[in-house]
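Let me begin by presenting the structure, written as structure tokens, before commenting on it.
Protein chains: 2
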Amino acid sequence: MATKPKKQLIYEAAARLFQEKGYSAASMRDLAERVNLKASSLYSHIRKKEEILQKICFDNARRFLQGLAAIEQKTADPLERLEALIHLHIDIALDDPTSITVFNDEWRHLEEPYLGDFVKLRRDYEQRFRQIIQTGMDQGVFRKVDPNTALFTMLTALRWIHYWNPTQIPGNLHTEITSLLLRGMVE
Amino acid sequence: MATKPKKQLIYEAAARLFQEKGYSAASMRDLAERVNLKASSLYSHIRKKEEILQKICFDNARRFLQGLAAIEQKTADPLERLEALIHLHIDIALDDPTSITVFNDEWRHLEEPYLGDFVKLRRDYEQRFRQIIQTGMDQGVFRKVDPNTALFTMLTALRWIHYWNPTQIPGNLHTEITSLLLRGMVE
DNA sequence: GTCTATAACTTGATAGAC
DNA sequence: GTCTATCAAGTTATAGAC
């Protein structure tokens, strides 16, 4: 049984701490206490606090972008693509809710040039997502609404799953959310 | 022409500052600079930093709860109530996006007992929102999905409007979002 | 009401012994 | 790698002169 390297324990504890208190309010002394170290000892494993935030943000950005690329490769059908995207967001949120919360809520505390790089990645993701919506509208598969409104409504509609208490997640979550977003609330 | 009292200028500048940097990363010196004061002079107008956050959070909580109460009084029909709720969220978000961002993202930095009070207000709001959904399902007006999934999907789907650049908001925003949430993406 | 000065404390990060 | 000791800078907030 392989033990986790201390560096990884620090990253995981940091993600939980940033989730609970927010990046700015989380201190290195808080973090050290959670991994049974003194604050100064953390610096044998990491170079600085923001380095941890960088890893969380860019690892998750990569996950979303790789997932999107896989979907674009698999099918060209806008409806299939949209369904797969919804599933991608749900899967990532369920797989590592803590990390996703930090990625979603704390990225703006990145320092330059990382902040700029991160925003670029996000813009790229949104642009390709919007393109799928637009294509679906052009093909008459999706109802014609403002593409940005549709994009942000769906993107944010998928941004609460990581808050869910894992023990009470309904089994058919994928089906229900997909159904809500694709066919709406009304019977 | 009535000039705004300095206290109000401070609250407005604080809301913008909290929105931009987050509550924890925003310092009283930052805030003072924005209203052309020294940090210590702020304390002639407010008692402490957190007092500003309290006002922002509870003023907005009150707005949502009063809006909900008005809707409950106006109609008993679940579909009409849901449509009105969607409009309420959009109206509030468009009316004061800065304040709403802070309300949404920074409330957890409230100190006790305000934090507990705030969470109670939010639970109450969610409970009454969920009840509307449940009644609609019982009456066969809404599709039967997990009520919590429907509740949080809609609540968060309405949580991006305050980020929108006011100059590019489409005129038929209410119609489009309502249509997306009630009837979904698919033609 | 606004200022200067400062108290009292927390922050991220480093130096150097072990 | 972990510790103690420490630093420089930043934090909220107060005291008291004007």
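Taken in sequence, the protein lines are chains A and B.
Under this note's numbering, the first residue of the first sequence is numbered 1, with each subsequent residue one higher.
Under this note's numbering, the first residue of the second sequence is numbered 1001, with each subsequent residue one higher.
Virtual Cβ for every residue (Gly too), placed ideally from N, Cα, C.
**Report entry** Chain-ordered chain B contacts of Glu187/A [CB-CB under 9 angstroms]
**Finding:** In the first sequence, the residue the question calls residue 187/A occupies position 187. Around Glu187/A, the beta-carbon contacts reaching into chain B at under 9 angstroms are Gly1136, Met1137, Gly1140, Val1141, Phe1142, Arg1143 and Lys1144.
**Report entry** Partners in chain B for Trp160/A, counting only beta-carbon separations shorter than 8 angstroms
**Finding:** Taking the first sequence and counting its residues from 1, the one referred to as residue 160/A is at position 160. What Trp160/A touches in chain B: Phe1152, Thr1153, Leu1155 and Thr1156.
Query raised in the report: Exposed or buried, what is Val1102/B when buried is set at 16 or more other beta-carbons lying within 10 Å of its beta-carbon?
Result: Numbered from its first residue, the second sequence carries residue 1102/B at position 102. That one is buried.
Query raised in the report: Pick from Asp1105/B, Ser1040/B and Met1185/B: whose alpha carbon is nearest that of Lys144/A?
Result: As a position in the first sequence, residue 144/A is number 144, starting the count at 1. In terms of Cα proximity to Lys144/A, the closest of Asp1105/B, Ser1040/B and Met1185/B is Met1185/B.
Requested in this report: Using the DSSP secondary-structure output, state which residues sit across from Phe142/A in a beta bridge.
Outcome: Taking the first sequence and counting its residues from 1, the one referred to as residue 142/A is at position 142. Phe142/A is bridged to Val1186/B.
Query raised in the report: Quick one: is Gly184/A near chain B, going by C-beta distance under 9 angstroms?
Result: Locating residue 184/A in the first sequence gives position 184, where the first residue counts as 1. With its beta carbon less than 9 angstroms from one in chain B, Gly184/A belongs to the interface.
Query raised in the report: Counting pairs of Cβ atoms below 8 angstroms between the stretch 59-79 of chain A and the stretch 22-36 of chain A, do you hit three or more?
Result: Three or more Cβ pairs closer than 8 angstroms define a contact, and the stretch 59-79 of chain A falls short of that threshold against the stretch 22-36 of chain A.
Query raised in the report: Under 9 angstroms between C-beta atoms, does Arg1081/B make it to chain A?
Result: Taking the first residue of the second sequence as position 1, residue 1081/B is located at position 81. Not a single C-beta of chain A is nearer than 9 angstroms to the C-beta of Arg1081/B.
**Report entry** Same chain, Cβ closer than 7 angstroms to Leu42/A, neighbours up to 5 away in sequence not counted
**Finding:** The count along the first sequence starts at 1 and reaches residue 42/A at position 42. Excluding positions up to five away in sequence, the list reads Ile10, Met28, Leu31 and Ala32.
Query raised in the report: Of the residues Asp96/A, Leu110/A and Met1/A, which one's Cα is nearest the Cα of Leu53/A?
Result: Indexing the first sequence from 1 puts residue 53/A at position 53. The option with the nearest alpha carbon to Leu53/A is Leu110/A.
Query raised in the report: Span of the alpha helix (DSSP H) holding Met154/A?
Result: Sequence index remark: in the first sequence, residue 154/A carries index 154 (1-based). First-last of the alpha helix (DSSP H) with Met154/A: Pro147 to Ala157.
Query - Local Cβ density within 10 Å of Glu80/A, reported as buried at 16 or more and exposed below that - result: Here the question's residue 80/A lines up with position 80 in the first sequence. When all chains shown are included, Glu80/A counts as exposed.
Query raised in the report: Could you give the distance in angstroms between the alpha-carbon of Cys57/A and the alpha-carbon of Gly1140/B?
Result: Taking the first residue of the first sequence as 1, we reach residue 57/A at position 57. Taking the first residue of the second sequence as 1, we reach residue 1140/B at position 140. When rounded, the distance between both Cα atoms is 43 angstroms.
Query - In chain order, each alpha helix (DSSP H) run of at least 4 residues that lies wholly inside the stretch 1049-1104 of chain B - result: Within the stretch 1049-1104 of chain B, the runs of alpha helix (DSSP H) that reach at least 4 residues and sit entirely inside it are, in chain order, 1049-1074 and 1078-1095.
Report task. Pick helix, strand or coil for His1162/B, following the three-state DSSP scheme. Result -> For this step, residue 1162/B is matched to residue 162 along the second sequence. Helix, per DSSP.
Requested in this report: Taking only beta carbons into account, state which residues of the stretch 1016-1048 of chain B come closer than 7 angstroms to chain A, listed in chain order.
Outcome: Within the stretch 1016-1048 of chain B, the qualifying residues are Gly1022, Ser1024 and Ala1025.
Query - Where Leu37/A falls: helix, strand or coil (DSSP) - result: As a first step, residue 37/A must be located in the first sequence, where it is residue number 37. Residue state, collapsed to three classes: coil.
**Report entry** Three-way DSSP call (helix, strand, coil) for Arg16/A in this model
**Finding:** Counting from 1 along the first sequence, the entry for residue 16/A is found at position 16. DSSP places Arg16/A in the helix class (H, G or I) of the three-state scheme.
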